[in-house]
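Number of protein chains: 2
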Amino acid sequence: MSDQRVIRPTPISGFPEWLPEIRSVEQRWLDHIRAGFERYGFASVETPSVENLDVLLAKGETSQEVYTLHRLQADSGDDSDAKLGLRFDLTVPLARYVAQHFNDLVFPFKRYQIQRVWRGERPQEGRYREFTQCDIDVINVDQVPLHFDAELPRIAHEVLSGLDIPAWTISINNRKVLQGCYEGLGIGEPLAVIRAVDKLHKIGEDGVRDILTSELGLTEEQVKVCLELARIKGADSSIVDDVRRLGVQSDLLTQGLDELAFVLDSLSDLPSGSVVADLSIARGLDYYTGTVYEAGFDDDPGYGSICAGGRYEDLAGQFIRRNLPGVGISIGLTRIFAKLVAEGRVEGGRSCPTDVMVAVPAADRRDEALRTATTLRERGFNTEVFHQASRIGKQIQYASRKGIPFVWFPPFEDGKPHEVKDMATGEQGDADPATWTRPV
Amino acid sequence: MSDQRVIRPTPISGFPEWLPEIRSVEQRWLDHIRAGFERYGFASVETPSVENLDVLLAKGETSQEVYTLHRLQADSGDDSDAKLGLRFDLTVPLARYVAQHFNDLVFPFKRYQIQRVWRGERPQEGRYREFTQCDIDVINVDQVPLHFDAELPRIAHEVLSGLDIPAWTISINNRKVLQGCYEGLGIGEPLAVIRAVDKLHKIGEDGVRDILTSELGLTEEQVKVCLELARIKGADSSIVDDVRRLGVQSDLLTQGLDELAFVLDSLSDLPSGSVVADLSIARGLDYYTGTVYEAGFDDDPGYGSICAGGRYEDLAGQFIRRNLPGVGISIGLTRIFAKLVAEGRVEGGRSCPTDVMVAVPAADRRDEALRTATTLRERGFNTEVFHQASRIGKQIQYASRKGIPFVWFPPFEDGKPHEVKDMATGEQGDADPATWTRPV
Chain Y
1 MSDQRVIRPT
11 PISGFPEWLP
21 EIRSVEQRWL
31 DHIRAGFERY
41 GFASVETPSV
51 ENLDVLLAKG
61 ETSQEVYTLH
71 RLQADSGDDS
81 DAKLGLRFDL
91 TVPLARYVAQ
101 HFNDLVFPFK
111 RYQIQRVWRG
121 ERPQEGRYRE
131 FTQCDIDVIN
141 VDQVPLHFDA
151 ELPRIAHEVL
161 SGLDIPAWTI
171 SINNRKVLQG
181 CYEGLGIGEP
191 LAVIRAVDKL
201 HKIGEDGVRD
211 ILTSELGLTE
221 EQVKVCLELA
231 RIKGADSSIV
241 DDVRRLGVQS
251 DLLTQGLDEL
261 AFVLDSLSDL
271 PSGSVVADLS
281 IARGLDYYTG
291 TVYEAGFDDD
301 PGYGSICAGG
311 RYEDLAGQFI
321 RRNLPGVGIS
331 IGLTRIFAKL
341 VAEGRVEGGR
351 SCPTDVMVAV
361 PAADRRDEAL
371 RTATTLRERG
381 FNTEVFHQAS
391 RIGKQIQYAS
401 RKGIPFVWFP
411 PFEDGKPHEV
421 KDMATGEQGD
431 ADPATWTRPV
Chain S
441 MSDQRVIRPT
451 PISGFPEWLP
461 EIRSVEQRWL
471 DHIRAGFERY
481 GFASVETPSV
491 ENLDVLLAKG
501 ETSQEVYTLH
511 RLQADSGDDS
521 DAKLGLRFDL
531 TVPLARYVAQ
541 HFNDLVFPFK
551 RYQIQRVWRG
561 ERPQEGRYRE
571 FTQCDIDVIN
581 VDQVPLHFDA
591 ELPRIAHEVL
601 SGLDIPAWTI
611 SINNRKVLQG
621 CYEGLGIGEP
631 LAVIRAVDKL
641 HKIGEDGVRD
651 ILTSELGLTE
661 EQVKVCLELA
671 RIKGADSSIV
681 DDVRRLGVQS
691 DLLTQGLDEL
701 AFVLDSLSDL
711 PSGSVVADLS
721 IARGLDYYTG
731 TVYEAGFDDD
741 PGYGSICAGG
751 RYEDLAGQFI
761 RRNLPGVGIS
771 IGLTRIFAKL
781 VAEGRVEGGR
791 SCPTDVMVAV
801 PAADRRDEAL
811 RTATTLRERG
821 FNTEVFHQAS
831 RIGKQIQYAS
841 RKGIPFVWFP
851 PFEDGKPHEV
861 KDMATGEQGD
871 ADPATWTRPV
């Protein structure tokens with residue numbers, strides 16, 4: 001060993017990794033998110049980490065971020081792997097999955113998917129090259145009822161409420177309101193205006209005004225109304241009146257306002273301020289066509305979205321000749337979790353799942369310790385046996401360092417009572433492995 | 441949509457994917473395996489999907505199978521991603537993890553890791569390019585007590601016993617027995633003989649005899665004893681006497697037989713035949729130094745191992761100047777699961793986790809349906825509300841197709857009773873969402 005070259009392992013930037021005590025918290029979060037999704041009847045789907053490149057690039061939007069796979073020593077002429085890339089989100093795989101398995105799925109298809117995605121971005125704060133997304137989507141043939149637009153932020157609200165994270169707000173808007181308003185103003189390229197307004201939080205009103213005026217050629221009056229619209233915020237459907245007061249007329253605008261009001265009214269029982277309308281929310285992606293969602297931390301709005309989604313009219317048109325609209329929302333688990341870990345705001349859990357560590361009082365008592373552990377395991381306690389008959393102080397120290405809540409002492413001789421020590425209180429007393437219960 | 445080119449999605453060979461009803465079974469398996477590992481106090485660890493190439497190639501054994509990552513449109517001169525490869529097992533990441541976080545871990549470090557690995561192999565039966573492994577390992581500084589060699593196959597036995605799979609056997613051997621016997625026979629290259637004997641199940645006794653004689657130059661008598669040793673099998677430590685009867689003497693052989701007898705005696709309470717000694721098991725990998733494990737299906741021995749592992753003297757010598765021996769065992773989840781799926785031996789579960797579907801009797805009764813669902817969810821039932829006020833027959837058909845066990849009917853008017861239909865029995869009766877319980 002000593003004459004060997006040592007390759008000093010270093011963290012890989014953008015690929016987070018946790019110690020066991022942090023991982024146990026992440027695992028609790030993942031279990032909580034999964035239970036929250038299943039509580040509403042969403043079914044688990046996992047897809048392979050890779051997709052064919054033509055599937056990944058069908059939308060052509062994020063090609064520069066895609067990681068492709070190559071075999072280190074590919075046979076010459078064998079390019080079968082050269083067409084594979086790691087998924088960069090969970091929406092493209094969903095579209096491909098639904099198209100590929102169309103005849104085997106029951107619609108409306110309600111799935112959740114909690115998996116890692118990869119993007120070859122330059123690492124920066126809040127951006128990872130490998131991160132876990134938690135997506136739920138409802139896909140149906142031809143038409144998805146509007147009440148799902150309200151159900152999804154409700155699920156996200158319930159899930160986020162159960163995590164120990166700083167205050168956040170889910171902002172809601174409707175692309176039809178934006179597009180309808182711009183059309184009502186006589187603007188020819190409403191999508192270009194949406195993309196410009198989407199930059200509001202990054203470049204400010206002056207920056208957006210500049211794009212609208214110089215690049216898109218809007219009139220001063222058009223720009224004024226666009227910015228007034230983007231300033232409208234509110235906790236309930238009264239914001240609809242604020243929009244109407246702008247005096248713009250269009251059928252699409254009316255339809256969008258009806259939808260937005262329905263979603264806000266449906267969520268009016270949630271705690272005040274947790275879900276709000278924010279007419280500046282646009283979501284840059286072209287495929288959203290109605291309701292859009294975006295959530296961020298209240299104390300760090302510049303950090304960007306921790307949860308986002310919306311309604312799309314055509315999920316899988318590139319892959320199948322069926323009209324498959326849907327609505328979805330995605331929780332950025334790693335974006336949330338890694339930020340809080342970095343800021344020291346995640347209180348580490350236990351570094352192991354052990355409930356009871358059985359001490360070995362002497363080498364010839366190991367069998368008794370093993371029998372005790374078997375009894376405790378059969379009764380549902382996660383149990384480990386200390387690995388050697390060391391002095392008791394050393395065994396207790398191991399349990400303490402691992403955060404194990406109870407240490408069990410089998411007797412030194414048969415017939416004597418067992419004892420158990422509560423590591424939190426220090427109390428120690430007689431106990432029977434066949435009947436012991438955790439003190440409340 | 442109709443004028444768009446359609447990219448017909450096709451399965452990618454070697455990358456398995458499941459429909460929801462199969463995925464729900466896989467998820468149950470994963471939960472079961474995790475619970476089994478935690479029952480013994482092993483802590484969850486996950487590592488990034490990628491490692492630096494010099495880490496992956498430190499052992500130099502499987503380089504041809506490694507997938508490397510490249511950005512589709514890398515900036516010229518930026519080769520920061522060119523050094524990354526997808527992990528091909530969970531042992532190399534564990535070694536790197538333990539070395540990197542050495543000062544933050546409590547030893548003996550007992551971790552489990554359930555994650556996907558990737559190998560750029562040509563797909564064939566039982567070989568996947570992406571598959572899930574379930575590993576447990578115990579790592580300690582300088583010395584790992586032998587009783588862990590017995591604990592790991594016990595855990596694997598418990599975990600496999602809880603899965604609905606065809607009969608299997610865990611075979612155990614000890615490399616010291618093989619190496620000690622070969623050394624006692626005066627063979628100069630015992631590792632070369634181990635690698636040859638490891639091929640026994642593939643090429644048969646004649647094939648192995650040929651290698652031992654022609655390539656390694658063993659005498660007829662040496663070959664005879666090597667093959668006699670490989671024929672020894674047995675359910676308990678009486679096989680030690682069979683080995684002694686070969687009349688070979690070496691300290692290493694004696695030590696190996698003592699270890700093997702200890703492991704077999706420790707497991708003697710398990711059902712007869714579930715764990716056996718098989719002196720032909722060698723495990724080709726050079727890093728095993730003592731106990732080795734290999735499990736296969738009894739009815740398809742040619743399929744290869746579904747669970748394997750062993751003891752190694754030096755896990756992380758390439759990454760840290762500490763002596764870190766360990767013992768580990770790995771369950772090949774995908775190897776087991778995908779084979780059974782392909783053979784139609786996995787009975788599909790439900791295609792969604794919903795316990796109760798609440799019907800919508802009429803459009804104006806949706807609020808009542810939503811309130812009912814909220815009550816049921818708060819009481820722990822996974823509940824979905826049907827998406828529209830269709831005729832009741834259509835709503836029941838949806839529940840039936842998704843395998844939802846109960847359909848709930850809110851009343852057509854306030855004050856009337858709710859009813860619930862048990863889809864398995866067809867029985868329907870009055871029920872109160874605040875007090876209803878699932879019939880036993």
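Chains as they are written, first to last, in the numbering used here: chain Y, 1 to 440; chain S, 441 to 880. Glycine included, C-beta positions come from ideal geometry on N, C-alpha and C.
Exercise for the section: Could you name the residues of the same chain whose beta carbon sits closer than 8 Å to that of Lys59 of chain Y, not counting the 5 residues immediately before and after it, in chain order? Expected result: As a position in the first sequence, residue 59 of chain Y is number 59, starting the count at 1. Only Val92, Tyr287 and Gln318 meet the Cβ criterion.
Handout entry: Residue environment, Glu660 of chain S, which counts as buried when at least 16 other CB atoms sit within 10 Å
Key = Indexing the second sequence from 1 puts residue 660 of chain S at position 220. If you draw a 10 Å sphere on the C-beta of Glu660 of chain S, you find fewer than 16 other C-beta atoms in it, and that means exposed.
Problem - Simplified DSSP state of Asn543 of chain S, which is helix, strand or coil - result: Within the second sequence, the letter at position 103 stands for residue 543 of chain S. Asn543 of chain S falls in the helix class under three-state DSSP.
Exercise for the section: For Lys616 of chain S, count neighbouring Cβ atoms within 10 angstroms of its own Cβ and tell me buried if that reaches 16, exposed if not. Expected result: Position 176 of the second sequence, counting from 1, holds the residue named residue 616 of chain S. Classification of Lys616 of chain S: buried, given that the 10 Å Cβ count is 16 or more.
Exercise for the section: Report yes if the CB atom of Thr794 of chain S is closer than 8 Å to the CB atom of Gly344 of chain Y, and no otherwise. Expected result: By one-based count along the second sequence, residue 794 of chain S stands at place 354. By one-based count along the first sequence, residue 344 of chain Y stands at place 344. Not a contact, by the Cβ cut-off of 8 Å.
Problem - Candidates Y:Asn52, Y:His101, Y:Glu65 and Y:Gln113: closest to Lys83 of chain Y by CA position - result: The sequence position of residue 83 of chain Y within the first sequence is 83, counting from 1. Of the candidates Y:Asn52, Y:His101, Y:Glu65 and Y:Gln113, the residue whose Cα lies closest to the Cα of Lys83 of chain Y is Y:Asn52.
Problem - the segment 577 to 584 of chain S in contact with the segment 541 to 549 of chain S per 3-pair CB rule at 8 Å - result: The segment 577 to 584 of chain S, when compared against the segment 541 to 549 of chain S, does touch it at the 8 Å Cβ threshold.
Problem - Nearest-angstrom Cα separation, counted from Ala235 of chain Y out to Asn173 of chain Y - result: The residue given as residue 173 of chain Y occupies position 173 in the first sequence. The residue given as residue 235 of chain Y occupies position 235 in the first sequence. Going by C-alpha positions, Asn173 of chain Y is about 12 Å away from Ala235 of chain Y.
Practice task
Locate the beta strand (DSSP E) running through Leu509 of chain S, then write down its first and last residues.
Solution key: As a position in the second sequence, residue 509 of chain S is number 69, starting the count at 1. First-last of the beta strand (DSSP E) with Leu509 of chain S: Tyr507 to Arg511.
Practice task
Locate the alpha helix (DSSP H) running through Asp804 of chain S, then write down its first and last residues.
Solution key: Counting from one through the second sequence, the residue named residue 804 of chain S turns up at place 364. Unbroken run through Asp804 of chain S: none, as it is neither H nor E.
Problem - the segment 864 to 876 of chain S contacting the segment 797 to 816 of chain S, beta-carbon criterion three pairs below 8 Å - result: Because the criterion of three Cβ pairs below 8 Å is met, the segment 864 to 876 of chain S and the segment 797 to 816 of chain S touch.
Problem - Ala701 of chain S: first and last residue of the uninterrupted alpha helix (DSSP H) it sits in - result: Sequence index remark: in the second sequence, residue 701 of chain S carries index 261 (1-based). Run containing Ala701 of chain S: Asp691 to Ser706, per the alpha helix (DSSP H) assignment.
Problem - Collapsed DSSP secondary structure at Tyr552 of chain S in the structure displayed - result: Sequence index remark: in the second sequence, residue 552 of chain S carries index 112 (1-based). Three-state result, Tyr552 of chain S: strand.
Practice task
Classify Val138 of chain Y as buried or exposed, calling it buried when 16 or more other Cβ atoms lie within 10 Å of its own Cβ.
Solution key: Working through the first sequence from its first residue, we reach residue 138 of chain Y at position 138. With 16 or more Cβ atoms within 10 Å of its Cβ, Val138 of chain Y is classed as buried.
Practice task
Quick one: which unbroken beta strand (DSSP E) runs of 3-plus residues sit fully inside the segment 145 to 197 of chain Y? Chain order, please.
Solution key: For secondary structure counted as the beta strand (DSSP E) over 3 or more consecutive residues, the segment 145 to 197 of chain Y holds these complete runs in sequence order: 168 to 174.
Exercise for the section: Take Thr653 of chain S and list the residues in its own chain whose beta-carbon comes closer than 8 Å to its own, dropping the five residues that flank it on each side. Expected result: Position 213 of the second sequence, counted from the first residue, corresponds to residue 653 of chain S. Scanning its chain for C-beta atoms nearer than 8 Å, with the 5 sequence neighbours on each side dropped, one finds around Thr653 of chain S the residues Glu660 and Val663, in chain order.
Problem - Top-ranked residue by Cα proximity to Cys747 of chain S, from S:Pro741, S:Ile462 and S:Ala735 - result: For the purposes of this step, residue 747 of chain S is identified with residue 307 of the second sequence, where counting begins at 1. When only C-alpha atoms are compared, the closest one is S:Ala735.
Problem - Of the residues Y:Leu163, Y:Met357 and Y:Asp300, the one placed nearest Leu30 of chain Y, counting alpha carbons only - result: To locate residue 30 of chain Y, count along the first sequence from 1; it is residue 30. It is Y:Leu163 whose Cα lies nearest to the Cα of Leu30 of chain Y.
Problem - Straight-line gap, Glu419 of chain Y to Ile396 of chain Y (C-alpha atoms, nearest Å) - result: Translated into positions along the first sequence, residue 419 of chain Y becomes position 419. Translated into positions along the first sequence, residue 396 of chain Y becomes position 396. Computed Cα separation, rounded: 13 Å.
Exercise for the section: For Gly525 of chain S, return the contacting residues in chain Y, with the cut-off set at a CB-CB distance below 8 Å. Expected result: Indexing the second sequence from 1 puts residue 525 of chain S at position 85. Per Cβ cutoff of 8 Å: Leu72.
Problem - Expected contact under 8 Å - CB spacing of Tyr97 of chain Y and Thr47 of chain Y to nearest Å - result: Numbered from its first residue, the first sequence carries residue 97 of chain Y at position 97. Numbered from its first residue, the first sequence carries residue 47 of chain Y at position 47. The C-beta separation of Tyr97 of chain Y from Thr47 of chain Y comes to about 6 Å, placing the pair in contact by the 8 Å criterion.
Problem - Check whether Asp738 of chain S and Trp608 of chain S have beta carbons under 8 Å apart - result: Mapped onto the second sequence, residue 738 of chain S falls at position 298. Mapped onto the second sequence, residue 608 of chain S falls at position 168. Yes, they are a contact pair.
Exercise for the section: State yes or no: is the C-beta of Asp575 of chain S within less than 8 Å of the C-beta of Val767 of chain S? Expected result: Numbered from 1 along the second sequence, position 135 holds the residue referred to as residue 575 of chain S. Numbered from 1 along the second sequence, position 327 holds the residue referred to as residue 767 of chain S. Taking 8 Å as the cut-off, the Cβ atoms of Asp575 of chain S and Val767 of chain S do not count as close.
Problem - Chain-ordered chain S contacts of Asn382 of chain Y [CB-CB under 7 Å] - result: Numbered from its first residue, the first sequence carries residue 382 of chain Y at position 382. Result: Glu478, Arg479 and Gly481.
Practice task
Kindly provide the ranges of any alpha helix (DSSP H) runs that are 4 or more residues long and lie completely inside the segment 444 to 487 of chain S, ordered along the chain.
Solution key: If we require 4 residues or more, the alpha helix (DSSP H) runs fully inside the segment 444 to 487 of chain S come out as 460 to 479.
Handout entry: Close Cβ partners of Ala803 of chain S (< 6 Å) along its chain, the five nearest in sequence each way excluded
Key = On the second sequence, residue 803 of chain S is found 363 positions in, with the first residue counted as 1. Cβ within range, chain order: Ala829.
Handout entry: Beta carbon proximity, Ala196 of chain Y to chain S, threshold 8 Å
Key = Mapped onto the first sequence, residue 196 of chain Y falls at position 196. With respect to chain S, the C-beta atom of Ala196 of chain Y has no partner C-beta closer than 8 Å.
Practice task
Pick out whichever of Y:Arg5, Y:Trp18, Y:Val6 and Y:Pro11 has its Cα sitting closest to the Cα of Leu340 of chain Y.
Solution key: Locating residue 340 of chain Y in the first sequence gives position 340, where the first residue counts as 1. Check the Cα spacing between Leu340 of chain Y and each of Y:Arg5, Y:Trp18, Y:Val6 and Y:Pro11: the tightest is with Y:Trp18.
Problem - Ala99 of chain Y at chain S interface by Cβ criterion, 8 Å - result: Along the first sequence, one-based indexing puts residue 99 of chain Y at 99. Yes, because at least one Cβ of chain S sits closer than 8 Å to the Cβ of Ala99 of chain Y.
Practice task
Give a yes or no on whether the minimum CB-CB distance between Asp422 of chain Y and chain S is below 8 Å.
Solution key: Stepping through the first sequence from its first residue, residue 422 of chain Y is reached at position 422. Not a single CB atom of chain S sits nearer than 8 Å to the CB of Asp422 of chain Y.
Exercise for the section: List the residues of chain S whose Cβ lies closer than 7 Å to the Cβ of Asn52 of chain Y, in chain order. Expected result: For the purposes of this step, residue 52 of chain Y is taken as the residue at position 52 of the first sequence. Against chain S, the beta carbon of Asn52 of chain Y has neighbours under 7 Å at Ile452, listed in chain order.
Practice task
Report yes if the CB atom of Ala722 of chain S is closer than 8 Å to the CB atom of Val637 of chain S, and no otherwise.
Solution key: If you number the second sequence from 1, residue 722 of chain S lands on position 282. If you number the second sequence from 1, residue 637 of chain S lands on position 197. In this structure, Val637 of chain S lies closer than 8 Å to Ala722 of chain S by Cβ.
Exercise for the section: Can you tell me which of the three DSSP states Ser840 of chain S falls into? Expected result: For the purposes of this step, residue 840 of chain S is identified with residue 400 of the second sequence, where counting begins at 1. In this structure, Ser840 of chain S counts as helix in the three-state DSSP scheme.
Exercise for the section: Please classify Arg371 of chain Y: does DSSP put it in a helix, a strand, or coil? Expected result: What you label residue 371 of chain Y is simply residue 371 of the first sequence in a count that begins at 1. Looking at Arg371 of chain Y - three-state DSSP - the assignment turns out to be helix.
Practice task
Measure the C-alpha to C-alpha separation of Tyr303 of chain Y and Gly36 of chain Y and round it to an integer number of angstroms.
Solution key: To locate residue 303 of chain Y, count along the first sequence from 1; it is residue 303. To locate residue 36 of chain Y, count along the first sequence from 1; it is residue 36. So the two alpha carbons sit approximately 25 Å from each other.
Practice task
Could you tell me the boundaries of the beta strand (DSSP E) in which Gly736 of chain S lies?
Solution key: Counting from one through the second sequence, the residue named residue 736 of chain S turns up at place 296. Gly736 of chain S -> beta strand (DSSP E) spans Tyr728 to Phe737.
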